[in-house]
Amino acid sequence: MATILSLKGVSKSYKGQTGGVTQVLDGIDLDVEEGEFIAILGFSGAGKTTLISSIAGLIEPDAGEILLHGNQIKGPDKDRGLVFQSYSLFPWLTVEKNVALAVDAVHKDRSREERAALVKQKVELVGLGHAMDRKPGQLSGGMRQRVSVARALAMEPEILLLDEPLSALDALTRSKLQDEIERIRKEEKRTIILVTNDVDEALLLADRVAVLTPAPAARIGRIYTVDVPRPRDREAVNDDVHYQHLRKQIVGYLGALNEQGSSVGESSVSLPEVAPLDLFAGRRDAELPAAYVEAGRSAVERRYLEFFKLHKVYPTPKGPLTVVEDFNLLMDKGEFISLIGHSGCGKSTVLTMAAGLNAISAGGIVLDNREIDVAGPDKAVVFQAPSLMPWLTARQNVALGVERVYPHASKVERRDIVDYYLDRVGLGDAKEKMAAEMSNGMRQRVGIARAFALSPRLLLLDEPFGMLDSLTRWDLQDVLVETWNRTKVTAIMVTHDVDEAILLADRVVMMTNGPNATIGKILKVDLPRPRDRKALLDDPQFYHYRQEVLHFLAEYDHGPAAKAA
């Protein structure tokens with residue numbers, strides 16, 4: 001095969017607002033053959049997105065060259081289709097029109113009918129034929145990412161560049177799109193470069209796997225040839241001795257790199273013994289007798305959080321759409337719940353209603369004897385995508401909330417709270433770094449630190465680790481377990497990761513497909529705490545729980561409702 005793409009000594013650095021220079025890429029060398037599938041693995045902040053954006057022509061390297069068919073790349077072009085890590089859609093346009101924008105711009109030589117047929121084909125290809133006339137605001141995060149994939153495919157590029165396009169999808173939808181990407185590779189002989197943090201995904205799809213060393217000054221440390229015969233069945237390969245050996249090699253190498261620059265740290269400061277203020281106490285307590293308030297505080301251990309006949313209805317051009325219907329759940333104080341289900345089943349909708357960020361259509365949510373009707377720091381949220389003030393540093397972003405809930409604490413105590421949690425999530429050396437200068441993974445760490453620093457009554461986690469590389473994700477899961485063991489904060493986590501759901505939760509709540517989604521099954525996880533990841537992998541009960549969740553998800557992977565998810 002002929003070489004289609006060559007990277008020679010590609011380097012890139014950024015200058016921060018404080019004047020410091022960060023070397024992100026340092027001498028990347030890579031040759032890609034025509035029709036080859038390359039997977040790029042790397043740690044959070046290692047420069048994976050910078051690398052793929054350089055190939056797309058969106059970023060100009062400081063040194064080195066990127067050649068396509070022997071010619072220097074100069075800016076973006078239709079020969080390279082890019083799907084970003086975070087979906088980027090026009091919120092006022094429908095799914096069909098978002099994809100049509102790219103088709104009309106790239107395929108001007110085709111008739112209107114041909115362009116319309118291409119749009120329809122690619123949208124149906126990613127399972128959104130039923131949602132052609134919906135706008136992004138009416139779609140889940142996973143569904144929006146599928147629109148981005150359809151748009152890139154509709155350009156019919158020579159090289160398809162995928163910057164973690166599947167990270168926001170549930171496991172079964174992700175596996176379907178993995179199969180679709182494999183079909184594109186096989187049938188269209190398309191050259192594909194995939195950035196991923198999933199070792200198994202890389203081994204399932206790629207011809208070669210290139211591993212980036214940790215930041216700063218990342219380079220390609222090793223390249224592994226994936227000589228496992230195709231087609232690769234995701235279940236069958238697990239019994240393939242050669243596959244197991246190759247997987248062990250890559251994971252071992254990643255582990256060695258992780259030890260050199262561990263992403264999670266200890267804290268040099270102690271957490272002050274200071275409690276946050278109850279910012280909403282006056283609103284309720286002033287209206288109630290003191291004896292009643294005191295009795296209420298002592299009687300909510302067993303019904304600390306209650307979802308009662310919860311409904312959520314959104315208006316659409318075709319009439320009201322009931323996303324969540326008759327959602328009922330009781331939680332004890334200090335309980336950890338994992339909420340799992342297919343993309344579009346309303347998991348995040350339930351979470352945002354619990355946060356007071358999304359109006360409740362019917363029913364109610366009661367937290368610590370108070371009905372939730374407004375957002376506040378007593379309900380800390382870590383969103384699927386980082387949500388920080390980009391002009392502030394990591395320390396300043398965390399301090400915003402800490403200063404509000406700890407106004408009675410000393411300045412030193414507030415600073416220690418901020419530093420403690422930033423240290424614990426591995427940002428001890430990046431406290432003064434601006435959020436705008438951070439990778440998505442680093443921003444998400446700040447979000448996790450900020451949430452814990454509030455000492456909330458309720459911790460709500462919406463896929464907080466979805467954008468992190470596998471090893472950093474494992475590290476932060478362990479940090480979450482450790483911190484939760486200390487605080488015993490009542491928590492709900494939305495996740496698509498079955499192993500993560502079981503590792504963290506006291507109960508796994510499984511949701512049926514949307515629309516009209518509700519609780520389909522609740523699994524009690526009777527595994528001792530504190531939980532050790534390695535020990536769990538040797539526990540037969542863990543695999544029994546895993547099979548129960550996977551079976552439920554597979555059961556709801558059939559029929560019209562599943563296709564609509």
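Going by full-length UniProt numbering, the first residue of the sequence shown is number 1, and it counts up by one from there. Glycine included, every Cβ here is placed at the ideal spot set by N, Cα and C.
Sheet register partners of residue i (DSSP bridge)
i           : result
Pro315      : Pro320
residue 566 : Absent from the structure is residue 566, since the part of the chain shown begins at 1 and ends at 565.
Glu371      : Val366
Gly81       : Leu160
His434      : According to the sequence shown, residue 434 is Met rather than His. DSSP lists Thr393 as partners of Met434.
Asp419      : Bridge partners of Asp419: none, in fact.
Val3        : Here the sequence assigns Thr to residue 3, which means Val is not the residue at that position. DSSP output for Thr3 lists Glu33 as bridge partner(s).
Beta-carbon contacts of residue i that lie in its chain and below 7 Å, excluding the five residues immediately before and after
i      : result
Asp234 : Before going further, note that residue 234 is Arg rather than Asp in the sequence given. These residues qualify, in order along the chain: Ser175 and Leu204.
Ala291 : Model confidence at Ala291 stands at a pLDDT of 44, short of 50, so the residue's coordinates are unreliable; what they give is reported in the following sentence. There are no such residues.
Asn98  : Leu89, Phe90, Val147 and Arg151
Ser13  : Val21, Thr22, Gln23, Val24 and Asp62
Pro456 : Pro377, Asp378, Lys379, Ala380 and Val489
Phe307 : Phe327, Asn328, Leu329 and Ile365
Gly9   : Gly27, Asp29, Ala63 and Gly64
Gly75  : Gly57
Lys347 : Leu339, Gly341, Val494 and Met511
Arg302 : Asp332
Same chain, Cβ closer than 6 Å to residue i, five either side skipped, listed in chain order
i           : result
residue 566 : An answer regarding residue 566 cannot be provided, because it is not within the stretch 1 to 565 covered by the chain.
Pro289      : In this prediction, Pro289 has a pLDDT of 42, which is less than 50 and means its spatial position is unreliable; nothing more can be read from the coordinates.
Leu536      : Phe542
Pro390      : Ala435 and Ala436
Glu325      : His311, Asn516 and Thr518
Ile193      : Ile38 and Leu161
Met438      : none
Run of the alpha helix (DSSP H) containing residue i, from where it starts to where it stops
i           : result
Gly554      : According to the sequence provided, residue 554 is Ala. The question's Gly does not apply to it. That run of the alpha helix (DSSP H) goes Pro540 to Glu555.
Ile502      : Val498 to Leu504
Ser361      : From DSSP, Ser361 is part of no alpha helix (DSSP H); its letter is neither H nor E.
Phe452      : Asn440 to Ala453
Lys347      : Lys347 to Ala354
residue 570 : For the chain, the structure presents residues 1 to 565; residue 570 sits outside this window and is missing.
Ile52       : Lys48 to Ala56
Ala488      : For clarity, residue 488 is Lys in the given sequence; the question names Ala instead. Run containing Lys488: none; DSSP gives neither H nor E here.
Pair within 8 Å by beta-carbon distance, residue i and residue j
i      : j      : result
Leu454 : Pro377 : yes
Ser148 : Phe84  : yes
Val269 : Asp419 : yes
Leu161 : Gly81  : yes
Thr512 : Cys345 : yes
Leu254 : Val211 : yes
Ile372 : Gly356 : yes
Ile28  : Leu68  : no
Ile40  : Thr50  : no
Pro272 : Glu463 : no
Val382 : Gly426 : no
Ile181 : Leu351 : no
Leu246 : Thr213 : no
Val106 : Val119 : no
Thr349 : Val374 : no
Arg450 : Gly401 : yes
Val195 : Glu164 : yes
Nearest neighbour of residue i, chosen from the options [CA to CA]
i      : options                           : result
Tyr421 : Val479, Val126 and His551         : Val479
Val509 : Gly356, Leu503 and Leu523         : Leu523
Thr393 : Leu125, Lys431, Val323 and Ile159 : Lys431
Phe43  : Met442, Glu463 and Thr225         : Met442
Lys309 : Ser361, Leu321 and Lys318         : Ser361
Arg144 : Glu156, Ala131 and Met155         : Ala131
Asp532 : His551, Asp499, Ala517 and Asn513 : Asp499
Arg395 : Gly514, Arg445, Lys318 and Gln72  : Arg445
Arg190 : Gly35, Ala359, Leu400 and Val366  : Gly35
Pro320 : Gly363, His311 and Asn328         : His311
Ile38  : Thr225, Thr483 and Lys411         : Thr225
Lys318 : Thr487, Gln138 and Asp198         : Gln138
Lys135 : Ala215, Tyr314, Gln547 and Lys333 : Tyr314
Arg486 : Gly70, Ser410, Glu335 and Asp497  : Glu335
Arg219 : Asp506, Glu33 and Lys48           : Lys48
Enclosing beta strand (DSSP E) for residue i [first to last residue]
i      : result
Ala63  : Ala63 to Leu68
Lys524 : Ile519 to Lys524
Asp462 : Leu458 to Asp462
Gly221 : Ile220 to Thr225
Leu41  : Phe37 to Leu41
Leu118 : Leu118 -> not in any beta strand (DSSP E); alpha helix (DSSP H) instead, spanning Arg112 to Leu125.
Leu212 : Arg208 to Leu212
Residue i at chain D interface by Cβ criterion, 8 Å
i      : result
Val481 : Considering every chain present, this structure includes no chain D. It has just one protein chain.
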